[in-house]
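Okay, so the sequence shown: first residue is 1091 according to this note's numbering, each after it adds one.
The structure appears below as structure tokens.
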Amino acid sequence: MLNNFEILDSITESMAIINNSGDIIYTNKAWHTFSMENKGDNARTGINNNYLSTCEAVKGHETKMAKDAKHGIQQVIDRNLDYFELEYPCHSPNESRWFILRVTQVEGNPDLTLLAHINITNRKNAELKVEKNYSKTLIINERLHTTLHNIVHDIQNPLASIMGLINLSKSEKDLESVNEYLDLIEKGSTNLRSFVKETLKHISTIEDFQSVDVARMVSKYIETIEHLLKSNSLELKLDIQQSGQFYTNEIEFRSILSNLISNAIKYSDNNKAKKFILFGFSSDENRAILKVEDNGIGIKKDDIPKLMKRNYQINKKTSDGVGLGLYMVKKSVKNLDGSIIINSEFGIGSTFTVEIPNRNIKQQIA
């Protein structure tokens, strides 16, 4: 009878025949070869050994899977199931491998059951690659969604500045002053168009890091909000100490600095004679620290934990925004693997300190 199974020797998958007691009565060449190549114990998986007992003897993290295998095999032996399959990992020191244990009835012989261990490593690797790419796509889509929100939010201040100049020019009777306002509107519009164009250029590289000239970026941003600073009698002080090249995602970084400066403008204290915003930046080859300090209205201690929540506003009566600014800062800081610390005293002012890694060339290669 066993001669009937010799055809199994021509099959590359590991196969064995067991009787209703679970005893191994036949193994093909592939079963024996796999066992030898993987330093298997013939006393446990060879002919005349009980495969059910072998499953039961498994200990450690594979215990549950071995128990499930034994139960499935027994169900087929008892003819409660026509077949049973179990996918399992069987990694070697050199590679990750996956197999399917497939258990089927031997047709025409109710006393015998066929076990096959089928190598599905190639298929599994392809599935894992698809899953990885899918997860990566979800992350990119989330970051793209955040970036689009950032763009919409970041252009609000420049637009507000342009609208303010338009309203001033409407009420101005002096032609020379009107022309001056028109020049500022043209300059603001040009800067805004440049900002949008530059941002859209980098959307395709949303996961990449670029070398950022922080002083230049801040200078270009200030040009778009000059009127807001003047109309609010705000002095913007700069302390930029960039040491060497600073690599980060330009879109995310611009969103952080623009939203923090925008926030400082929005919550400046009109009761103070001298209002200021201090933008500080320093970097070395490993990290960068961005700091925005102001002497605005400050934040109550109980409100600080709520600041980074979506749609939360410190003062809804005086704010015409939608409460996305600091939420966007939080998202961008997270995307850059950074951290943010908020220190504030109500009536005195606030300081936002952001620390992010410098993604220099060495780190990108690593």
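Note that the Cβ used here is the ideal one computed from N, Cα and C, for glycine as well.
Keep in mind the model is a prediction, meaning the values are calculated, not measured.
query: Buried or exposed: where does residue 1106 fall if 16 or more other Cβ atoms within 10 Å of its Cβ makes it buried?; result: buried
query: Taking the alpha carbon of residue 1121 as the reference point, which residue from 1103, 1364 and 1267 has its own alpha carbon closest?; result: 1103
query: Enumerated in chain order, which unbroken segments of the alpha helix (DSSP H) with a length of 4 residues or greater are wholly contained in the segment 1116-1192?; result: 1119-1127, 1132-1135, 1141-1147 and 1153-1167
query: Touching or not, the segment 1267-1278 and the segment 1337-1354, by the rule of three or more beta carbon pairs under 8 Å?; result: no
query: Could you pull the DSSP bridge partners for residue 1365 from this structure?; result: 1324
query: For residue 1316, which option in 1304, 1115 and 1250 has the closest C-alpha, if you only look at C-alpha atoms?; result: 1250
query: Is it true that the CB of residue 1299 sits closer than 7 Å to the CB of residue 1330?; result: no
query: Going by the beta-carbon positions, is the gap between residue 1426 and residue 1342 smaller than 7 Å?; result: yes
query: Note down the Cα distance separating residue 1304 from residue 1128, rounded to an integer number of angstroms.; result: 57 Å
query: Measuring only the C-alpha atoms, how far is residue 1148 from residue 1225?; result: 34 Å
query: In chain order, what residues of the same chain lie with their CB nearer than 6 Å to the CB of residue 1441, ignoring the 5 residues before and after it?; result: 1383 and 1433
query: On the DSSP letters alone, give me the boundaries of the alpha helix (DSSP H) that residue 1420 sits inside.; result: 1415-1425
query: Pick helix, strand or coil for residue 1112, following the three-state DSSP scheme.; result: coil
query: State the DSSP-derived secondary structure class of residue 1439, mapped to helix, strand or coil.; result: strand
query: Give me the residue from 1429, 1424 and 1398 with the minimum Cα distance to residue 1416.; result: 1398
query: Could you check what DSSP says for residue 1449 in three-state terms: helix, strand or coil?; result: coil
query: Quick check: what's the CA-CA separation for residue 1446 versus residue 1367?; result: 21 Å
query: Please classify residue 1407 as buried or exposed, where buried requires at least 16 neighbouring CB atoms within 10 angstroms.; result: Low confidence applies here, because residue 1407 scores a pLDDT of 41, under 50, leaving its location unreliable; read the following figure in that light. Label assigned to residue 1407: exposed.
query: Going residue by residue through the segment 1335-1398, where are the continuous beta strand (DSSP E) segments of at least 3 residues, counting only ones entirely within it?; result: 1365-1373 and 1377-1384
query: Per DSSP, which residues does residue 1433 bridge with? Please list them.; result: 1441
query: Quick check on the burial criterion: 16 or more other C-beta atoms within 10 angstroms. Buried or exposed for residue 1232?; result: exposed
query: Please report the residue range of the beta strand (DSSP E) in which residue 1204 lies.; result: 1202-1209
query: Say whether chain B places a C-beta atom closer than 7 Å to the C-beta of residue 1416.; result: Judged by its chain identifiers, the structure shown contains no chain B, having just a single protein chain.
query: Can you tell me the Cα-Cα spacing of residue 1109 and residue 1151, whole angstroms?; result: 28 Å
query: Does DSSP put residue 1102 in a helix, in a strand, or in coil?; result: coil
query: How long is the line joining the alpha carbons of residue 1241 and residue 1344, rounded to whole angstroms?; result: 10 Å
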